[in-house]
Amino acid sequence: MEISARIPSLMADQSRIRNFCIIAHIDHGKSTLADRLLELTGTVDKRNMKAQILDSMDLEREKGITIKLTPARMGYKDHVLNLIDTPGHVDFTYEVSRSLAAVEGAILLVDATQGVQAQTIGNLYLAMEENLEIIPVLNKIDLPAADVDARAAELMQLIGCKREEILCVSGKTGEGVMELLDAIVTRIPPPAGNPTAPTRALIFDSFYDDYRGVMAYVRVVDGALKKRQKVKMIATHYQLELLEVGAVTPNGLVAAPTLECGQIGYVVTGLKEISGCRVGDTISTLSLNDSTTQPLPGYKEVKPMVYAGVFPREGDDFHKLREAMERLKLNDSALIYEPEHSPAIGYGFRCGLLGMLHLEILKERLEREFNLSLVVTVPSVGYEVVLRSRETRIIKSPLELPDPSHIEQIREPWVKLDLVSPSEYIGSIMTLMQEWRGVYTTTEYLSGDRAILHYEIPLSMVIVDFYDKLKSVTAGYASMNYEVIGYRVADVVRMDMLVAEEAVDAFATLVYRDEAEKTGRRMATILKDSIPKENFVIKIQAAVGGKIVASERISAMRKDVTAGLYGGDVTRKRKLLEKQKKGKAKMAALGKGKVSIPTEAYLKVLKRE
Numbered sequence: 340m341e342i343s344a345r346i347p348s349l350m351a352d353q354s355r356i357r358n359f360c361i362i363a364h365i366d367h368g369k370s371t372l373a374d375r376l377l378e379l380t381g382t383v384d385k386r387n388m389k390a391q392i393l394d395s396m397d398l399e400r401e402k403g404i405t406i407k408l409t410p411a412r413m414g415y416k417d418h419v420l421n422l423i424d425t426p427g428h429v430d431f432t433y434e435v436s437r438s439l440a441a442v443e444g445a446i447l448l449v450d451a452t453q454g455v456q457a458q459t460i461g462n463l464y465l466a467m468e469e470n471l472e473i474i475p476v477l478n479k480i481d482l483p484a485a486d487v488d489a490r491a492a493e494l495m496q497l498i499g500c501k502r503e504e505i506l507c508v509s510g511k512t513g514e515g516v517m518e519l520l521d522a523i524v525t526r527i528p529p530p531a532g533n534p535t536a537p538t539r540a541l542i543f544d545s546f547y548d549d550y551r552g553v554m555a556y557v558r559v560v561d562g563a564l565k566k567r568q569k570v571k572m573i574a575t576h577y578q579l580e581l582l583e584v585g586a587v588t589p590n591g592l593v594a595a596p597t598l599e600c601g602q603i604g605y606v607v608t609g610l611k612e613i614s615g616c617r618v619g620d621t622i623s624t625l626s627l628n629d630s631t632t633q634p635l636p637g638y639k640e641v642k643p644m645v646y647a648g649v650f651p652r653e654g655d656d657f658h659k660l661r662e663a664m665e666r667l668k669l670n671d672s673a674l675i676y677e678p679e680h681s682p683a684i685g686y687g688f689r690c691g692l693l694g695m696l697h698l699e700i701l702k703e704r705l706e707r708e709f710n711l712s713l714v715v716t717v718p719s720v721g722y723e724v725v726l727r728s729r730e731t732r733i734i735k736s737p738l739e740l741p742d743p744s745h746i747e748q749i750r751e752p753w754v755k756l757d758l759v760s761p762s763e764y765i766g767s768i769m770t771l772m773q774e775w776r777g778v779y780t781t782t783e784y785l786s787g788d789r790a791i792l793h794y795e796i797p798l799s800m801v802i803v804d805f806y807d808k809l810k811s812v813t814a815g816y817a818s819m820n821y822e823v824i825g826y827r828v829a830d831v832v833r834m835d836m837l838v839a840e841e842a843v844d845a846f847a848t849l850v851y852r853d854e855a856e857k858t859g860r861r862m863a864t865i866l867k868d869s870i871p872k873e874n875f876v877i878k879i880q881a882a883v884g885g886k887i888v889a890s891e892r893i894s895a896m897r898k899d900v901t902a903g904l905y906g907g908d909v910t911r912k913r914k915l916l917e918k919q920k921k922g923k924a925k926m927a928a929l930g931k932g933k934v935s936i937p938t939e940a941y942l943k944v945l946k947r948e
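FYI, the numbering for the sequence shown is 340 to 948, going by the numbering used here.
If you want it as structure tokens, here you go:
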């Protein structure tokens, strides 16, 4: 479908440029408000409008969430407005941080029916760290359940603003959106770059095009970028000639001769090597006089905290998976991966991610965009191991754990957890947190009957199904946001699973010492139900060090060796049964009764079904 658009000139005076993004909790209406801004500025014709026009991925439309940041250019009252629409889910905070580094202002959007939520607070703090101009906005005022006065009081308490500074809009109907556009022009400062200084541009996102190579979204901080200009990447030291520069619009990419100082746009690098263009790097002019050009600070690099194995179901697809990972890494700077081999399911990758939704989106994108069928193992956190030699290592898999005699201590990542909930559920939340090893710090009360509970909790407790439990005990009303605060000593041990008295590496796991027996029983039960019977008894054992903490037995397959006998003395039957018994014992003892573990058994344990 062709979208007609009115695209403002790329050659605008710097004082007439406004760069801003929309930040909010998930489902507070960021993408819908972005739709109205594009429509009311005439950037997209009303007849060509569609819901969530900036959410270009099918996955975003299906799930109703924004996954990727999306820039878009608009014109309003002789000004150029560069908008970046951002995700709201905690797993995509890194996308928000990248957007904030490229703008001067942020619209803090709050649902007038739900009020301030956990990610509202988390994203606000990110914007304040960047010293951005904050415009507080209440959205969805057209809904019958909207309580503007109560929600405005919450915002005033949260950011210390005055009532008249809070704007009220409806992203759905367009009410109040023109006033918001005026506020963007008057309250957000113009870019402060130097047009005559050596060129410096920040790469805040990138993707790969099969025909044009690596393409990057950039914010020009100083100087300008021009087509056919020779530039260098300061961090990766790559030198290249820009094939094209231009603006990003809802209708696609619009080429231009120059990307001026202060503007947000795209560049076509032509690079075929994906590693040459790194998100957070600085593009600079290639000149002998610019050798002292300082890189831009960009934003802090995100460290993945959750690790999971990603394997192709078909072994032949490993190289296809490797290529797909390289492409996604370019578009997802928080993704880290390295090759891994499992005796159970072959070759794949150990991936470092930010959380469970991040893992789910990675899996779905690999399957949809690259037509792969995948097996994903249960996620685990990265532990910090301090050796007696004072060396510190990060281990991502139980098999990497050194010999216990060499270990001084093991530390696990902890997070600061903010829970926003109606006051009536405080008791239920506190009970849940006690069961999940949470350490209480403080409680704050927002206006009305809502509270923010602050806890500290091991990350391993949060990543799997904590959010579902939280929603369950609060009837769906609570929201959460977490931030990693460091590593603390943990009493964890490696638990091995023995099948027929042989340790199976793929089943090794790190567990809390006081939960080893419970976890061992669960895993032994899964294996008992999954492994087929043999002609001898199969012992399944969970072991910590040399101690067995849980065990199950799979009885031998029964075969009536006396079926061919008829009449005669009973001792003949006993002799045959005794012979069979000795044969089974011999098979087990000599290892000829080696157990073949089906792939389904590995998957059930690794996925913890």
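For each residue, glycine too, the CB sits at the ideal point set by N, CA and C. If you're wondering where the values come from, they're calculated on a predicted model, not measured in any experiment.
### Query
Which residues in the same chain as A842 place their Cβ atom closer than 8 Å to its Cβ, once the five residues preceding and following it in sequence are excluded?
Here residue 842 refers to the residue found at position 503 when the sequence shown is read from its first residue. Apart from sequence neighbours up to five positions away, the residues of its chain that approach A842 with a beta-carbon distance below 8 Å are D835, M836 and A882, ordered along the chain.
### Task
Measure how close the beta-carbons of V720 and M644 come, nearest whole angstrom, since I'm counting them as under 8 Å.
Locating residue 720 in the sequence shown gives position 381, where the first residue counts as 1. Locating residue 644 in the sequence shown gives position 305, where the first residue counts as 1. So it is a contact: roughly 6 Å between Cβ atoms.
#### Entry: Nearest to A411 (by Cα), restricted to the options I505, R913, Y816 and V557
Counted from its first residue, the sequence shown places residue 411 at position 72. Taking only the C-alpha atoms, the option nearest A411 is V557.
### DSSP three-state assignment for S545, whether helix, strand or coil
Taking the sequence shown and counting its residues from 1, one reaches residue 545 at position 206. If DSSP states are grouped into helix, strand and coil, S545 belongs with the strands.
### Message
Alpha carbons only, please: which of T512, E472 and A492 is nearest the one belonging to K479?
### Response
Taking the first residue of the sequence shown as position 1, residue 479 is located at position 140. The shortest Cα separation from K479 among T512, E472 and A492 belongs to T512.
### Query
Any idea what DSSP makes of L494, helix, strand or coil?
On the sequence shown, position 155 is the one that residue 494 refers to. In the displayed model, L494 falls within a helix according to three-state DSSP.
### Task
Return the Cβ separation of L497 and H367 in integer angstroms, given the expectation that the two are a contact with Cβ distance under 8 Å.
Walking along the sequence shown from the start, residue 497 turns up at place 158. Walking along the sequence shown from the start, residue 367 turns up at place 28. No, L497 and H367 are not in contact; Cβ-Cβ is about 14 Å, not under 8 Å.
### Message
Less than 6 Å between C-beta atoms, sequence neighbours within five positions excluded: which residues of the same chain meet that for E662?
### Response
Numbered from 1 along the sequence shown, position 323 holds the residue referred to as residue 662. Result list for E662: empty, nothing under 6 Å.
### Query
Is there contact here, the stretch 713-728 with the stretch 737-747, by at least three beta-carbon pairs under 8 Å?
Contact holds between the stretch 713-728 and the stretch 737-747, because three or more Cβ pairs, one in each stretch, are under 8 Å apart.
### Message
For a minimum of 3 consecutive residues, which ranges assigned as the beta strand (DSSP E) are wholly contained in the stretch 575-605?
### Response
Here the runs fully enclosed are 578-580, 583-588 and 591-595.
### Message
By DSSP's criteria, C360 is part of a beta bridge. Which residues make up the other side?
### Response
Working through the sequence shown from its first residue, we reach residue 360 at position 21. Under DSSP, C360 forms a beta bridge with I423 and A445.
### Query
What residue ranges within the stretch 684-729 form continuous alpha helix (DSSP H) runs of no fewer than 4 residues, ordered along the chain?
Listed in chain order, the complete alpha helix (DSSP H) runs (minimum 4 residues) inside the stretch 684-729 are 695-708.
### Query
Does the pairing of the stretch 701-714 with the stretch 652-661 give three or more beta-carbon distances under 8 Å?
Yes, the stretch 701-714 is in contact with the stretch 652-661.
#### Entry: Rounded distance between the beta-carbons of L506 and V476, thought under 8 Å
Numbered from 1 along the sequence shown, position 137 holds the residue referred to as residue 476. Numbered from 1 along the sequence shown, position 167 holds the residue referred to as residue 506. 5 Å between Cβ atoms; contact.
### Query
Ordered along the chain, which non-local residues of its own chain (more than five positions away) have a Cβ less than 6 Å from that of I622?
Numbered from its first residue, the sequence shown carries residue 622 at position 283. Cβ neighbours of I622 beyond the five flanking positions: A540 and V570.
### Nearest neighbour of L726, chosen from F709, I749 and V715 [CA to CA]
Residue 726 sits at position 387 when you count from the first residue of the sequence shown. It is I749.
### Task
Pull up the distance between the alpha-carbon of H576 and that of A536, whole angstroms please.
As a position in the sequence shown, residue 576 is number 237, starting the count at 1. As a position in the sequence shown, residue 536 is number 197, starting the count at 1. C-alpha separation (whole angstroms): 20 Å.
### Query
Rounded to the nearest angstrom, how far is the Cβ of G562 from that of T608, given a contact under 8 Å?
If you number the sequence shown from 1, residue 562 lands on position 223. If you number the sequence shown from 1, residue 608 lands on position 269. That pair is no contact at about 17 Å.
### Query
Comparing alpha-carbon positions, which option in L758, S799 and T770 lies nearest Q456?
By one-based count along the sequence shown, residue 456 stands at place 117. The shortest CA-to-CA distance from Q456 to any of L758, S799 and T770 is the one to L758.
### Message
If I follow the unbroken beta strand (DSSP E) through N820, where does it start and stop?
### Response
Along the sequence shown, read from residue 1 onward, the residue named residue 820 stands at position 481. Segment S818 to V828, the beta strand (DSSP E) holding N820.
### Cβ distance (whole Å) where I677 is taken to contact R689 below 8 Å
Here the question's residue 677 lines up with position 338 in the sequence shown. Here the question's residue 689 lines up with position 350 in the sequence shown. For clarity, residue 677 is Glu in the given sequence; the question names Ile instead. Sure, about 6 Å apart at Cβ, within 8 Å.
### Message
DSSP three-state label for H793, please.
### Response
The count along the sequence shown starts at 1 and reaches residue 793 at position 454. DSSP places H793 within a strand segment (E or B) once states are collapsed to three.
### Task
On a CA-only basis, which of D844, E873, I893 and F875 is nearest A863? Give me that one, please.
For this step, residue 863 is matched to residue 524 along the sequence shown. The residue from D844, E873, I893 and F875 with its alpha-carbon nearest to that of A863 is I893.
### Task
Output yes or no for whether 8 Å exceeds the beta carbon distance between I613 and L698.
As a first step, residue 613 must be located in the sequence shown, where it is residue number 274. As a first step, residue 698 must be located in the sequence shown, where it is residue number 359. No. Outside cutoff.
#### Entry: Selection from G414, R652, D830 and I879 that minimises the alpha carbon distance to P743
Locating residue 743 in the sequence shown gives position 404, counting from the first residue. Checking every option, the nearest Cα to that of P743 belongs to D830.
### Query
Buried or exposed: D544, going by 16 or more other Cβ atoms within 10 Å of its Cβ?
Position 205 of the sequence shown holds residue 544. Here D544 is buried: its Cβ has 16 or more other Cβ atoms, across all protein chains shown, within 10 Å.
### Task
Pick out whichever of E723, F709, Y646 and P651 has its Cα sitting closest to the Cα of E691.
The residue you call residue 691 lines up with position 352 of the sequence shown. The sequence shown places Gly at residue 691, rather than the Glu named in the question. Nearest C-alpha to G691: Y646.
### Task
Using the DSSP secondary-structure output, state which residues sit across from V778 in a beta bridge.
Stepping through the sequence shown from its first residue, residue 778 is reached at position 439. V778 is bridged to E795.
### Query
Is the Cβ-Cβ distance between I460 and N820 less than 8 Å?
Reading the sequence shown from its first residue, position 121 is the one you call residue 460. Reading the sequence shown from its first residue, position 481 is the one you call residue 820. Closer than 8 Å, so yes.
### Query
How about F359 and I446: do their beta carbons lie closer than 8 Å?
Position 20 of the sequence shown, counted from the start, is the residue given in the question as residue 359. Position 107 of the sequence shown, counted from the start, is the residue given in the question as residue 446. The answer is yes: Cβ separation under 8 Å.
### Query
Which class does S354 belong to by DSSP, given the choice of helix, strand or coil?
In the sequence shown, counting from the first residue as 1, residue 354 sits at position 15. Helix at S354.
### Query
In whole angstroms, what is the alpha-carbon distance linking S509 and D548?
Along the sequence shown, one-based indexing puts residue 509 at 170. Along the sequence shown, one-based indexing puts residue 548 at 209. Those two C-alpha atoms are separated by around 37 Å.
### Query
Relative to the C-alpha of T780, which residue among T770, G766, L756 and E763 is closest?
Looking up residue 780 in the sequence shown gives position 441. The option with the nearest alpha carbon to T780 is L756.
### Query
Starting from A466 and walking both ways along the beta strand (DSSP E), at which residues does that stretch end?
Within the sequence shown, the letter at position 127 stands for residue 466. Not the beta strand (DSSP E): A466 falls in the alpha helix (DSSP H), residues A457 to E468.
### Task
Tell me whether G609 sits in a helix, a strand or coil according to DSSP, three-state version.
For the purposes of this step, residue 609 is taken as the residue at position 270 of the sequence shown. Here G609 sits in coil by DSSP.
### Task
Would you kindly report the start and end of the unbroken alpha helix (DSSP H) that includes A863?
Locating residue 863 in the sequence shown gives position 524, counting from the first residue. For A863, the enclosing alpha helix (DSSP H) stretches over residues A855 to S869.
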